[in-house]
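Trainee: Sequential numbering of the sequence shown, starting at 3, is according to our numbering.
By construction, the Cβ of each residue, glycine as well, lies at the ideal position given by its N, Cα and C atoms.
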Amino acid sequence: MIVVAKVGTSSITNVHGEIELAAIDKLCAEVATLRGQHHRVVVVTSGAIAAGLPALGLSGARPTDPATLQAISAVGQSRLMRVYDDSLARHGLVGGQVLLAPLDFVHRSQYLHARGTLTRLLDLGVIPVVNENDAVADDEIRFGDNDRLAALVAHLVNADVLVMLTDTPGLLTADPRLDKEASLIEEIVEVDHELERVAGGSGSVHGSGGMASKLAAAKMAAWSGVRTVIAAAHRPGVLVGAVDGEAGAGTVVRPHDRKLSARKLWIGFAVASSGTVVVDDGARRALVERRTSLLPAGVVDVRGNFDADDAVEVADPSGQVFAKGLARYAANVLKDVAGSKTSELPEGYPHEVVHRDDLVVLP
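#1: Helix, strand or coil: which one does DSSP assign to Phe308?
#2: Could you have a look at Asp88 and say whether DSSP puts it in helix, strand or coil?
#3: Given a threshold of 16 other Cβ atoms within 10 Å of its Cβ, counted over all protein chains shown, does Glu192 qualify as buried or as exposed?
#4: For Ala25, which residues of its own chain have a beta-carbon under 6 Å away from its beta-carbon, when the five flanking residues on both sides are left out?
#5: Please list, in chain order, all residues of the same chain as Ser89 whose beta carbon is under 6 Å from its beta carbon, the five residues on each side excluded.
#6: Can you check whether the C-beta of Lys28 is within less than 8 Å of a C-beta belonging to chain B?
#7: To the nearest angstrom, how far is the alpha carbon of Ala137 from that of Leu71?
#8: Report the partner residues of Val46 according to the DSSP bridge assignment.
#9: Taking only three categories from DSSP, how would you classify Leu173?
#10: Can at least three beta-carbon pairs, one atom from the region 174-188 and one from the region 117-137, be found at a separation below 8 Å?
#11: What residue does the beta strand (DSSP E) around Gln99 start on, and which one ends it?
#12: Taking the beta carbon of Met3 as the centre, do at least 16 other beta carbons fall within 10 Å, making it buried, or is it exposed?
#13: Identify the continuous alpha helix (DSSP H) that holds Gly214 and give its terminal residues.
#14: Using DSSP bridges, identify the partner residues of Lys326.
#15: According to DSSP, is Thr70 part of a helix, a strand, or is it coil?
#16: What first and last residue would you give for the alpha helix (DSSP H) that runs through Val339?
#17: So Arg199 is in the alpha helix (DSSP H); what residue range does that whole segment cover?
#18: Spatial neighbours of Ala264 within its chain, please: C-beta separation below 6 Å, excluding the five flanking residues on both sides.
#19: Using a 10 Å radius around the Cβ and a threshold of 16 neighbouring Cβ atoms, would you call Glu134 buried or exposed?
#20: Determine the direct distance from the alpha carbon of His93 to that of Asp318, and round the result to whole angstroms.
#21: Should Leu2 be labelled buried (16 or more other beta-carbon atoms within 10 Å of its own) or exposed?
#22: Three-state secondary structure (DSSP) at Asp283?
#23: At what residues does the beta strand (DSSP E) containing Val191 begin and finish?
#24: Sort Pro352, Val362, Gly277 and Glu248 by Cα distance to Asp303 and report the nearest one.
#25: Starting from the C-beta of His41, find all residues in its chain whose C-beta is less than 8 Å away, skip the five residues before and the five after it, and write them out in chain order.
#26: What is the C-beta distance between Lys326 and Gly270, in whole angstroms, given that I count them as a contact (C-beta under 8 Å)?
#27: Given 8 Å as the limit, is there contact between the region 78-85 and the region 107-117, that is, 3 or more CB pairs closer than that?
#28: Identify, in the order they occur along the chain, each residue of the same chain with its Cβ nearer than 6 Å to the Cβ of Val254, setting aside the five sequence neighbours on each side.
#29: Given Leu331, which residues of its chain have a CB within under 7 Å of its CB, disregarding the five upstream and five downstream residues?
#30: Express the C-alpha separation of Val240 and Val17 in angstroms, rounding to a whole number.
#31: When you compare each of Asn148, Ala52 and Ala103 to Ala139 by their alpha carbons, which one comes out closest?
#32: Tell me the rounded alpha-carbon separation between Ala218 and Val362.
#33: So, helix, strand or coil for Met3, using DSSP?
#34: Alpha carbon to alpha carbon, how far is Phe324 from Ser315? Give it in angstroms, no decimals.
#35: Among Trp268, Thr168 and Leu126, which has the Cα closest to the Cα of Asn148?
#36: Since Arg110 is in the beta strand (DSSP E), which residue starts that stretch and which ends it?
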């Protein structure tokens, strides 16, 4: 079985926001247990900035400007990896650092190279330790938290289970700070709007991913055919319990029977949207019910400034986004032909705004 274990900054830091060696050693000990059971394990970790702050004498207050945060990350990433290397070595394991960025999932060749590297590391018995390449990340397109990165990595390595370690037992029915009756939601068949509302909220002081982010990542993993378990990092034996399906180990998000292809998952979740194409009700029905291509005739509005081959959201007349795809028109050209029948298009213009092969109806 291939397991992806994601741990956030707040789960591996102390009250001062500094890296907690014991927390990482606990994680690595449990990874070693899984390896002893012949599972393959990938660790997705945050914490580079937390590791860099004390080295620069900045533990008291986290800076907010991107350039300083990237510099801190550059200092902290090597220190964070050193902690993982030392801890894994104590348990007889070898770690390998892999730094990824959103563009590694956007460009097909980079995507394949990343998959090949991770697969080979696993073949060699190495524990890949993955983080976002914060030091050079474009602030406008970076992952921000590693929850979505973990879901993409789970797809990349064709994982069986994604374990998202956090500060709570899983998704609760309410905020336990406000409702003493809050209880664990043990299983989720489908991530819907009500669950997203329950999960609403931001991350911790030192991290950036809250429960809403984890639920979104679990939804993404479900469409990769990956079972997700959201569980408490401090719980003894949490990784083994999550992998074995132990009752009460956390919140289990079941995978979908119908999986999106790698290309459609890439379009739907990995590529940032550059604009929005609003369509009429007839076009919406055709896209959702018959899985057709989007034609210029169904377009009623074009928002944003995008180029041909950019990713765009597709929205209904009320503004509700229901699909995403790769546009065959630039925004300025599409505005000129919006509402036109195919027979009315100038010679050489594409017949489709978004071809069905490049379109994902969002779950």
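Mentor: With the given structure in hand:
#1: Note: Phe308 maps to coil in three-state DSSP.
#2: In this structure, Asp88 counts as helix in the three-state DSSP scheme.
#3: With fewer than 16 other Cβ atoms within 10 Å, it is exposed.
#4: Spatial neighbours of Ala25 in its own chain (CB-CB distance under 6 Å, excluding positions within 5 residues in sequence) are listed in chain order as Ile14.
#5: These residues qualify, in order along the chain: Ile26, Asp27 and Cys30.
#6: Among the protein chains of the structure shown there is no chain B, as only one such chain exists.
#7: Taking the straight line joining both Cα atoms gives about 8 Å.
#8: Answer is Lys8 and Val132, bridged to Val46.
#9: Leu173 sits in coil when the DSSP states are folded into three classes, being neither helix nor strand.
#10: Touching, no, given that fewer than three Cβ pairs across the two stretches are closer than 8 Å.
#11: Where Gln99 is concerned, the enclosing beta strand (DSSP E) stretches over Gly97 to Leu102.
#12: With a threshold of 16 other beta carbon atoms within 10 Å, Met3 falls short and is exposed.
#13: First, the amino acid is wrong: residue 214 is Ala here, not Gly. Membership of Ala214 in the alpha helix (DSSP H) is indicated by the continuous run Met213 to Ala224.
#14: According to DSSP, Lys326 bridges with Glu315 and Val362.
#15: Helix, per DSSP.
#16: Here the alpha helix (DSSP H) through Val339 covers Ala333 to Val339.
#17: Unbroken alpha helix (DSSP H) run through Arg199: His195 to Val200.
#18: Within the same chain, Ala264 has no close Cβ partners at all.
#19: Label assigned to Glu134: buried.
#20: One alpha carbon belongs to Asp318, the other to His93, and they sit about 54 Å apart.
#21: Outside the modelled stretch of the chain, which goes from 3 to 365, sits residue 2, for which no answer is possible.
#22: Helix at Asp283.
#23: Per DSSP, Val191 belongs to no beta strand (DSSP E) and is neither H nor E.
#24: The shortest C-alpha to C-alpha distance from Asp303 to any of Pro352, Val362, Gly277 and Glu248 is the one to Gly277.
#25: Leaving aside the five residues that flank His41 on each side, the residues in its chain whose CB is nearer than 8 Å to its CB run, in chain order, Met3, Ile4, Val5 and Val245.
#26: So it is a contact: roughly 5 Å between Cβ atoms.
#27: No, the region 78-85 is not in contact with the region 107-117.
#28: If you ignore the 5 residues before and after Val254, its C-beta comes within less than 6 Å of the C-beta of Glu189 and Val231, all in its own chain and listed in chain order.
#29: Per the sequence presented here, residue 331 reads as Tyr, with Leu not at that position. Hits under 7 Å: Ala310, Pro352 and Val355.
#30: Each residue's Cα considered, the two are about 22 Å apart.
#31: If we check each option's Cα against that of Ala139, Ala103 comes out closest.
#32: In a straight line, the C-alpha of Ala218 is about 16 Å away from that of Val362.
#33: Met3 falls in the coil class under three-state DSSP.
#34: Reading off the sequence, residue 315 comes out as Glu, not Ser. When rounded, the separation of the alpha-carbon atoms in Glu315 and Phe324 is 8 Å.
#35: Distance from the Cα of Asn148 is smallest, within the candidate group Trp268, Thr168 and Leu126, for Thr168.
#36: Arg110 -> not in any beta strand (DSSP E); alpha helix (DSSP H) instead, spanning Arg110 to Asp125.
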